[in-house]
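Novice:
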Amino acid sequence: MNWRHILAAFGAVLAVTCASAQEKLLKNAIKEGRKADSFYEIENPNYRFSLSDFQSLASKYDCILEYSTKDVQRFGSVSQVVDRAYLLPRSEFNDFICACLSRPWGGAGLSSKTQRGSGWMYFYPDKQARKESYFFKYDNVWWSGRTADGLIDGSGEGFAANDTWMVAFKGTFCKGYPSGSICFRWLSKKKTGDGFQQDKVVEMTTACGTFHDDIAWFKIGDRYGFMDAAQQRLLEPKYGMVLQDFKDSFPGTNYAVIKHSDGLEWKMNRNGELFAYSDHQQQIFADIEAAKVEAEKRKAEERRLAAEKRKAERAEQEKEAARKRVQAEEKRQSYLAAIKANMDKSRWLQGDRLCLEYFNPGNYITGTLEEFNADKSKCRIKIVTSPGSRMQYNGENLEKNTTMWIATSGEGWHVALPEEIEAANRQDNSTYQAKTQLRLPRKCPDCNGSGWKTETVTHHGWLGSYTERESKKCYRCDGSGWIEETQTLTF
Amino acid sequence: MKTRLFPVLVALFFAVGMNAQVKNIGAGAAFFGDIRLAVQGAEDHGNLYVCSYRPVLGGTAYYEMSSGSASHMFEIDYLTAPLAGVKESEKYYIKEWESVDFQPAKVITGFYYIGINNRSAQRFQLPFYFGVGLSYNDAAPIKFMGFAVGAKLRARFYITDRIGIWGGGSAKFGYGETQVTADMSKSVYQRVLALEAGITFSL
Chain X
1240 MNWRHILAAF GAVLAVTCAS AQEKLLKNAI KEGRKADSFY EIENPNYRFS LSDFQSLASK
1300 YDCILEYSTK DVQRFGSVSQ VVDRAYLLPR SEFNDFICAC LSRPWGGAGL SSKTQRGSGW
1360 MYFYPDKQAR KESYFFKYDN VWWSGRTADG LIDGSGEGFA ANDTWMVAFK GTFCKGYPSG
1420 SICFRWLSKK KTGDGFQQDK VVEMTTACGT FHDDIAWFKI GDRYGFMDAA QQRLLEPKYG
1480 MVLQDFKDSF PGTNYAVIKH SDGLEWKMNR NGELFAYSDH QQQIFADIEA AKVEAEKRKA
1540 EERRLAAEKR KAERAEQEKE AARKRVQAEE KRQSYLAAIK ANMDKSRWLQ GDRLCLEYFN
1600 PGNYITGTLE EFNADKSKCR IKIVTSPGSR MQYNGENLEK NTTMWIATSG EGWHVALPEE
1660 IEAANRQDNS TYQAKTQLRL PRKCPDCNGS GWKTETVTHH GWLGSYTERE SKKCYRCDGS
1720 GWIEETQTLT F
Chain Z
3 MKTRLFPVLV ALFFAVGMNA QVKNIGAGAA FFGDIRLAVQ GAEDHGNLYV CSYRPVLGGT
63 AYYEMSSGSA SHMFEIDYLT APLAGVKESE KYYIKEWESV DFQPAKVITG FYYIGINNRS
123 AQRFQLPFYF GVGLSYNDAA PIKFMGFAVG AKLRARFYIT DRIGIWGGGS AKFGYGETQV
183 TADMSKSVYQ RVLALEAGIT FSL
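Protein sequences, first through last, are from chains X and Z.
The C-terminal position of the first sequence is numbered 1730 in our numbering, with every residue numbered one higher than the one before it.
The C-terminal position of the second sequence is numbered 205 in our numbering, with every residue numbered one higher than the one before it.
Encoded structure:
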C-alpha cells in the first residue's frame, strides 16, 4: 500500500460520506412532505453541496431537479452557489401536474384519478414542433373522454406532460383534431425559447375546421392557417379571417377566400398562392373607383364656380376704382379752378390770407395782405406760416411776422383756400429756434462715482476652478468717477 | 492638460477599486530568502561591491481588492537580513569605504500589484502578482531609496469561507543611487528573494 492507495481510499470514504449526507437531506425533505403543486424542498446547509451533487442525487433517485442560486462571498470572491434544491420523483409527477392544472376552468373533470388513455391527439406544443407542424401528435395523453381509432374523440378534459412542459385542455376533439374552440392551459417548465414564460400558466384558444378536399383551416390566436390531414403541407396562420372555405368553392375552381393581414380579401388556391381578389373585394374596389370619379367631378365643378366668382369680384373692384378716379379728377379740376379764380388780384382785399405753393407740393407760404402799391403790381404781406424760418423767398427770410413785397401776378400768389390754410398751419416752421449744446459733468453710472469696479474672476487650476473678487479701474470714466454728457438746449 | 489628467486617473483607479466585489486583508512572515546589493562603478568598471545578506526575516501586510479573477493589491514589507558576504572588485574600490564595516540590511518596500487568479472562487488557489513600487534600503554604508518591480506567486488555501492561509515566494528588483560623499553617488542594483507565509481574511 502506497500513498496513492491511501489517497484513493480517503476519497472514496469522503464521497460515500457526502452522498449519504445528501440522501439524508432528501429523505428528511420527503418526510416533511410537500404541497400538492410544489416539489420537495432541500436547503443546502452552508452551501456544502454543489449543483453536480444534486444532479447526481436526482439521477440516482429518478427525480426532476429544479434549484435556486444565490451569490455568496466565499474563498476571496463572490460565487454563485445552489441555495435550495427542489426535487420531485417522476413517480409523483402526474399527481403534481394534476395539482397544477386540474381546475383551469372551474370544473372537476380532470383529477389524479383520470386514467391514461390509449389515444393520441394533435396540438401545438412548442416552437420546435411548429417548424414542421402546428399540430403535433402526442401519444401519452390523459383523457377523460372516449377514443376512436386510437385518437381522442368527443368531449372531455385531458392533460399531457413531459420534462419540458405540461398542458391541460378541454373541448371537443374529432379523431385527434380540435373540433371547434379548444382551450389549452399551458405551463412551460423550462426556458425553451418557445415564447412561453417559465413557470407561468398561460391559456390559449385554438380551433380547427372540417376537412374538405383533404384540407382544413385552423385558428391560433386571432390568425388563421390551413393544413392537410397528413400534416404534409400547411399554410402559416397569418390570415385575418377565412371568409369562404374550400368546400364552398365551385367545382374546378377550388379556392378559398381569406382576409389577408393587409385587410384585403383574396382568393387562395391549395398551395397558398393568392391569385386574385375576391368578387366582394373587386366590388369594393369598383365602388371606391366610382366614388373617386364622382369626387373628382364635384371638385371640378367647385373649382369652376369659384373661378367665376373671383372674376365677378375683380370686375366690380375695377368699376369702383374707375369711379373713384373720376371723382378725384373732378375734385382736382374744381380745386385748380378755385385757385385760378383766386389769382385775380382785383378780388384781393386788405387782410386776405395769400398763399404760394413753395417748390414742393404741400409746402405753402402764407401771409396776410397789408397794402398794395400805387399801380397794384405789388403788395406787401406779413408772413404767417412758412416751411422754414431760414428759407428764403426773393432774398428774404421766411420768418414769422416778417413783411415783404411780392408781385401780385405771375408768381402764383392767390387767396388761400381753407384746405391750404389748414395744410400750411400743419407744416409751419416759421418760428426761429436757437439751439446750443452743453457738456455737463455727472457721476459715472458704472462705478457710481468711485472710479473702481469690483469684478468676479474665475481661475481654472488642475484641481478644479475657484472664483475671487477683484477691484479694477472703471473703463468708462477712466478712474475719475465723472463723465461728461452732452445736452442740447433750445431757446 | 497633463496635470489635469492626473486626478482623472486617480478617480478612475478608485472607481475600479469601489467596484471590487470582495476586499481582503492579510499578513504574513518572510522566513527565508536572500538580499543582494550590487554597487556599480563608473562606466565599464563593473560591480565595485556585491553584498549578500541572508537569511531574510521580516513581515508583510497587504490589502487586496478582487473582482473575479483579477485583483489589485497594496503591500508593505519589512525585511531584515544579516550580512553573509561582500565581494569586492579586484581593480577598483571606493576610497571612502576603505575602512568601513558593512552592516546588516533592512529593507522596506511598498508595492502595488495586479493579480491574476485562474482558480478564483475555489478553496485552493494559485494567484500570480506583478507590480511596481518603492524600496528603501538601509545597509550601511549602502543607503538609498529606489524604484523596484516585482512578481510573486502564492498558494492560498481557504480553511473557511472567509479565512485562509497562504504561502509563496516573491522576487523584487530595484534600482537606486547611494550617496558616498556629498558630491558623489553610486548606482545600486537590488535583488530581494523571499519565501513567505501568512493568513488572509475576507472583509
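C-beta: ideal position from N, C-alpha, C; glycine also.
Remember, predicted model here, so these are calculated numbers, not experimental data.
#1: Using a Cβ cut-off of 7 Å (strictly closer), state whether X/S1316 contacts chain Z.
#2: Roughly how many angstroms separate the alpha carbons of X/K1506 and X/W1456, rounded to a whole number?
#3: With DSSP collapsed to three states, give me the class of X/K1692.
#4: Hey, Z/G200 and Z/A83: beta-carbon distance below 7 Å or not?
#5: Between which residues of its own chain and X/G1397 is the CB-CB distance below 6 Å, once the five residues before and five after are set aside?
#6: Kindly indicate if chain X contains any beta-carbon less than 7 Å away from that of Z/R125.
#7: If you draw a straight line from the alpha carbon of Z/A142 to that of Z/C53, how long is it in whole angstroms?
#8: Are the beta-carbon atoms belonging to Z/N159 and Z/G166 less than 7 Å from one another?
#9: With DSSP as the reference, label Z/D46 as helix, strand or coil.
#10: Give me the residue from X/T1386, X/Y1416, X/D1334 with the minimum Cα distance to X/M1405.
#11: Note down the Cα distance separating Z/L136 from Z/T162, rounded to an integer number of angstroms.
#12: What are the partner residues of X/P1657, as DSSP defines its beta bridges?
#13: Given that a residue counts as buried once 16 or more other Cβ atoms are within 10 Å of its Cβ, and exposed if not, what is X/L1474?
#14: Which residues mark the beginning and the end of the alpha helix (DSSP H) in which Z/Q23 is found?
#15: Got a sec: is the Cβ-Cβ distance from X/R1313 to anything in chain Z below 7 Å?
#16: For X/Q1672, count neighbouring Cβ atoms within 10 angstroms of its own Cβ and tell me buried if that reaches 16, exposed if not.
#17: Considering only the alpha carbon of each residue, which of X/Q1261, X/A1338, X/R1509 lies closest to X/L1326?
#18: Nearest CA to the CA of X/T1647: which residue from X/T1729, X/S1517, X/E1331, X/N1581?
#19: Using the Cα positions of X/Q1755 and X/R1629, report the straight-line distance between them to the nearest angstrom.
#20: Helix, strand or coil for X/W1404, going by three-state DSSP, please let me know.
#21: Give the C-beta separation of Z/G117 and Z/A72 to the nearest angstrom, bearing in mind that I take them to be a contact with Cβ-Cβ under 8 Å.
#22: To the nearest angstrom, how far is the alpha carbon of X/G1688 from that of X/Y1705?
#23: Report yes if the C-beta distance between Z/V190 and Z/L39 is below 7 Å; otherwise report no.
#24: May I ask which residues mark the beginning and end of the beta strand (DSSP E) holding Z/Y131?
#25: Relative to the C-alpha of Z/I96, which residue among Z/S187, Z/Y80, Z/R125, Z/S122 is closest?
#26: Taking Cβ to Cβ, would you say Z/F34 is nearer than 7 Å to Z/L197?
#27: Is there a Cβ from chain X that is less than 7 Å from the Cβ of Z/Q23?
#28: Just the chain X side, please: which residues come within less than 9 Å of Z/Y160 by C-beta, in chain order?
#29: Could you tell me the alpha carbon to alpha carbon distance between X/G1636 and X/C1683, rounded to whole angstroms?
#30: Please state whether the Cβ-Cβ distance between Z/A157 and X/S1318 is less than 7 Å.
#31: So, with DSSP's three-state summary, where would you put X/Q1726?
#32: Any beta carbon from chain X within less than 7 Å of Z/N26's own beta carbon?
#33: Are there 16 or more other CB atoms within 10 angstroms of the CB of Z/T202, so buried, or fewer, so exposed?
#34: By the 10 Å Cβ neighbour count, where 16 or more other Cβ atoms means buried, how is X/E1723 classified, buried or exposed?
#35: Under 7 Å between C-beta atoms, does Z/S204 make it to chain X?
#36: Can you pull the chain X neighbours of Z/G166, defined as C-beta to C-beta under 8 Å?
Specialist: Here's the rundown:
#1: yes
#2: 14 Å
#3: strand
#4: no
#5: V1380, W1381, W1382, F1408
#6: yes
#7: 11 Å
#8: Per the sequence presented here, residue 159 of chain Z reads as Phe, with Asn not at that position. Yes, these two residues count as a Cβ contact at 7 Å.
#9: helix
#10: X/D1334
#11: 34 Å
#12: In DSSP, X/P1657 forms no bridge with anything.
#13: buried
#14: It is not in any alpha helix (DSSP H) - Z/Q23 carries neither H nor E in the DSSP assignment.
#15: yes
#16: exposed
#17: X/Q1261
#18: X/N1581
#19: The structure shown has nothing for residue 1755 of chain X, since chain X only spans 1240 to 1730.
#20: strand
#21: 7 Å
#22: 30 Å
#23: yes
#24: 130-141
#25: Z/S187
#26: yes
#27: yes
#28: R1313, F1314, G1315
#29: A small fix is needed here, since residue 1636 of chain X is Asn in this sequence, not Gly. So the two alpha carbons sit approximately 44 Å from each other.
#30: no
#31: strand
#32: yes
#33: buried
#34: exposed
#35: yes
#36: F1314, G1315
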